[in-house]
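These notes are about the structure you will find just below.
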Amino acid sequence: MKYFSLARRVPETAGVEPRVLAGLYRAIAWLPLVRGVHRRFLRAVLALDAGGAGRLALDVGTGPGYVPVELARRRPGLRVVGLDLAAHMAAQAAGRGARAALDGRALWPQADGHRLPFADASFDLVVSSFALHHWRNPLGVFDEIARVLAPGGRYVLADVCREPNLFQRLFAYASIPVVSLAFGSYLGYGGYYESMRAGYTRAEAQDLLRASALPPGRVGLDSTGFVPILTIASGPAPARGKEQENLNEAA
Numbered sequence: 014m015k016y017f018s019l020a021r022r023v024p025e026t027a028g029v030e031p032r033v034l035a036g037l038y039r040a041i042a043w044l045p046l047v048r049g050v051h052r053r054f055l056r057a058v059l060a061l062d063a064g065g066a067g068r069l070a071l072d073v074g075t076g077p078g079y080v081p082v083e084l085a086r087r088r089p090g091l092r093v094v095g096l097d098l099a100a101h102m103a104a105q106a107a108g109r110g111a112r113a114a115l116d117g118r119a120l121w122p123q124a125d126g127h128r129l130p131f132a133d134a135s136f137d138l139v140v141s142s143f144a145l146h147h148w149r150n151p152l153g154v155f156d157e158i159a160r161v162l163a164p165g166g167r168y169v170l171a172d173v174c175r176e177p178n179l180f181q182r183l184f185a186y187a188s189i190p191v192v193s194l195a196f197g198s199y200l201g202y203g204g205y206y207e208s209m210r211a212g213y214t215r216a217e218a219q220d221l222l223r224a225s226a227l228p229p230g231r232v233g234l235d236s237t238g239f240v241p242i243l244t245i246a247s248g249p250a251p252a253r254g255k256e257q258e259n260l261n262e263a264a
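Using the working numbering, the first residue of the sequence shown is number 14, and each one after it goes up by one.
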């Protein structure tokens, strides 16, 4: 039961070679749980209505590029930049973007979120999904996001939250042996809990947000699924109707 000790944050230490990690992402992309998590994040982003014609969006830590590709597909006037530190991830995202035929509306640079290679006030929208717990200096990344965000721009960040409810703890405990057998220890006993322990609580996220240069925002917890999701977003809570936008084709 040691894996359920989440009282204090423990930085993630499981080292996975980027090429292997890129393969793992491809292997689990079809899972309903993974697809559902991406849909929920896309709903939160689209509810901000930040994708008007001619606008530019940045995804920090894009991984295989699911989020920017889906945003560009649903907002024909939106141009997207999906940035990742790992070359294999950036290449996988570029391949996904090419298959989506986005007509030159996407770029896939390899770069570090701690040092974003963009001019001040470049983006109308900045998003990041499930990268926060990997950042060695999250406050530094928050400040970089604030720097490249245009006046009036929006941001939406999501990550695992170190506040699972009892159902989620029991689900994880029961499913981890199966996941370990199917996909290896990184996504099983080691990886799941390393990621969970490296996540932030709502209070910790509030402290980060207040200490950063980001415009005022809100911190929330979506705990209705199998994975507790922490969200950090600018602006007021989205209208309920817009959250229900049809995203059945996402990811």
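Virtual Cβ for every residue (Gly too), placed ideally from N, Cα, C. If you're wondering where the values come from, they're calculated on a predicted model, not measured in any experiment.
Spatial distance of residue i from residue j (CA atoms)
i: TRP121; j: VAL73; result: 11 Å
i: LEU145; j: ALA163; result: 21 Å
i: PRO61; j: ARG167; result: Note that residue 61 is Leu in the sequence shown here, rather than Pro. Going by the C-alpha atoms only, they are around 8 Å apart.
i: TYR79; j: VAL93; result: 12 Å
i: PRO151; j: ARG118; result: 28 Å
i: LEU221; j: GLY165; result: 20 Å
i: LEU84; j: VAL232; result: 22 Å
i: ARG149; j: HIS127; result: 9 Å
i: GLY212; j: ASP235; result: 14 Å
i: THR244; j: LEU91; result: 22 Å
i: ALA70; j: VAL161; result: 10 Å
i: ARG223; j: ASP116; result: 39 Å
i: HIS51; j: SER208; result: 17 Å
i: PHE131; j: GLY248; result: 24 Å
Cβ neighbour criterion (16 or more within 10 Å) applied to residue i
i: ASN175; result: Note that residue 175 is Arg in the sequence shown here, rather than Asn. ARG175 should be labelled buried.
i: ALA134; result: exposed
i: TYR199; result: Low local confidence applies: a pLDDT of 46 at TYR199 is under 50, so the model's placement there is unreliable, with the coordinate-based value given in what follows. That one is buried.
i: ASP137; result: buried
i: PRO241; result: buried
i: ARG210; result: buried
8 Å CB neighbourhood of residue i in its chain, flanking five on each side removed
i: THR75; result: PRO81, GLY95, LEU96, ASP97, MET102, ALA103, ALA106, TRP121
i: ASP125; result: LEU98
Residues near residue i in its chain [Cβ-Cβ closer than 6 Å; skip 5 each side]
i: THR214; result: ARG175, GLU176
i: SER142; result: PHE54, VAL80, ALA171
i: VAL169; result: ALA57, VAL58, VAL140, ALA246
i: GLN123; result: ALA100, ALA103
Option in the options with minimal Cα separation from residue i
i: ARG53; options: ALA124, PRO130, ASP172; result: ASP172
i: ARG112; options: ALA132, ASP137, ARG86, LEU91; result: ARG86
i: VAL139; options: VAL240, ALA57, ILE242, ARG223; result: ALA57
i: ARG68; options: ILE242, HIS51, PRO89; result: PRO89
i: LEU129; options: GLY49, ALA159, HIS147, ALA216; result: ALA159
Contacting residues, own chain, Cβ-Cβ under 7 Å from residue i (five flanking each side not counted)
i: ALA218; result: VAL232, LEU243, ILE245
Evaluate contact between the segment 209-228 and the segment 144-160, counting only Cβ atoms and requiring at least three cross-stretch pairs below 8 Å. yes
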